[in-house]
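First residue of the sequence shown? That's -5 in my numbering, and the numbers climb one at a time after it.
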Amino acid sequence: MPMIRRSALVALLVLAAPAAAQAQATASCSVTSTSMSFGSYDGSMASPTVSTAIIAVTCLALDQPTVVTFSIALLGGTGGQGGRQLSSGAERLDFEIYTDANRSIVFGEGAGGTALLSGSGTASQVAPLRMNFTVYGRAPARQRAPRAGAYTEALTVLMTY
-5 MPMIRRSALV ALLVLAAPAA AQAQATASCS VTSTSMSFGS YDGSMASPTV STAIIAVTCL
55 ALDQPTVVTF SIALLGGTGG QGGRQLSSGA ERLDFEIYTD ANRSIVFGEG AGGTALLSGS
115 GTASQVAPLR MNFTVYGRAP ARQRAPRAGA YTEALTVLMT Y
């Protein structure tokens, strides 16, 4: 009897939000992100499915060069067992996003064992401060075989400076 494999196309959409409270009035900052896609997920695979995305920060001085210090939080998407879940209708797939390539530090709001991204640098009108951060996703192996479909989750990237 032939073996039947089900796979799901898994995509994670990370949405960027406008910068939070502007503590430093001498600079204007924005944050954007790429989407994270896990591709096809096969629940019978012994290895987790991994992916990455880029979060980009740009700050421009409004007048004279200024040092900008910021933090970035990832909001939303909490699911079962404290992790995040992708969904397709009633179907769910667990996943998590991390700040490190070893996928050991959970990216979140900075509470409950999660970490923020942070940075600092000088911005001017002719030389904006630009920083890119890679974030690392993982969907654990051997999750209950999902039904085929597009699994998504929308999260918010929040920058405070």
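Using N, Cα and C, we set each Cβ at its ideal position, and we do this for glycine too. All of these numbers come straight from a predicted model, not from anything done at the bench.
Could you tell me which of the options sits nearest to residue i, measuring between CA atoms?
| i | options | result |
| --- | --- | --- |
| SER29 | GLY70, ILE48 and ARG132 | ILE48 |
| ALA135 | ASP36, SER31 and VAL25 | ASP36 |
| ALA84 | LEU152, LEU149, SER22 and PRO140 | PRO140 |
| ALA142 | VAL100, ALA109 and SER82 | SER82 |
| GLN58 | VAL120, VAL151 and ARG86 | VAL120 |
| SER34 | ILE66, PHE101 and ARG132 | ARG132 |
| VAL100 | ALA67, ARG86 and LEU80 | ALA67 |
| LEU123 | GLY71, GLU147, TYR155 and GLY77 | TYR155 |
Assign residue i to one of two classes, buried (16 or more other C-beta atoms within 10 Å of its C-beta) or exposed (fewer than that).
| i | result |
| --- | --- |
| ALA13 | With a pLDDT of 44 at ALA13, under the threshold of 50, the modelled position of that residue is not reliable, and no figure is offered here. |
| THR128 | exposed |
| GLY106 | exposed |
| SER98 | exposed |
| ARG164 | Residue 164 cannot be examined here, being either before or after the span of the chain that is shown, -5 to 155. |
Span of the beta strand (DSSP E) holding residue i?
| i | result |
| --- | --- |
| VAL151 | 148 to 154 |
| ARG136 | From DSSP, ARG136 is part of no beta strand (DSSP E); its letter is neither H nor E. |
| SER118 | Looking at the DSSP string, SER118 is not in any beta strand (DSSP E), and its letter there is neither H nor E. |
Q | the region 34 to 47 / the region 106 to 119 touching (three or more Cβ pairs under 8 Å) | A | no
Q. Which runs of the alpha helix (DSSP H) fall wholly inside the region 18 to 104 and span at least 4 residues, in chain order?
A. none
(Q) Between the region 51 to 63 and the region 96 to 114, can you find at least three pairs of beta-carbon atoms closer than 8 Å? (A) yes
Q) On the three-pair Cβ rule with 8 Å, is the region 50 to 59 touching the region 21 to 28? A) yes
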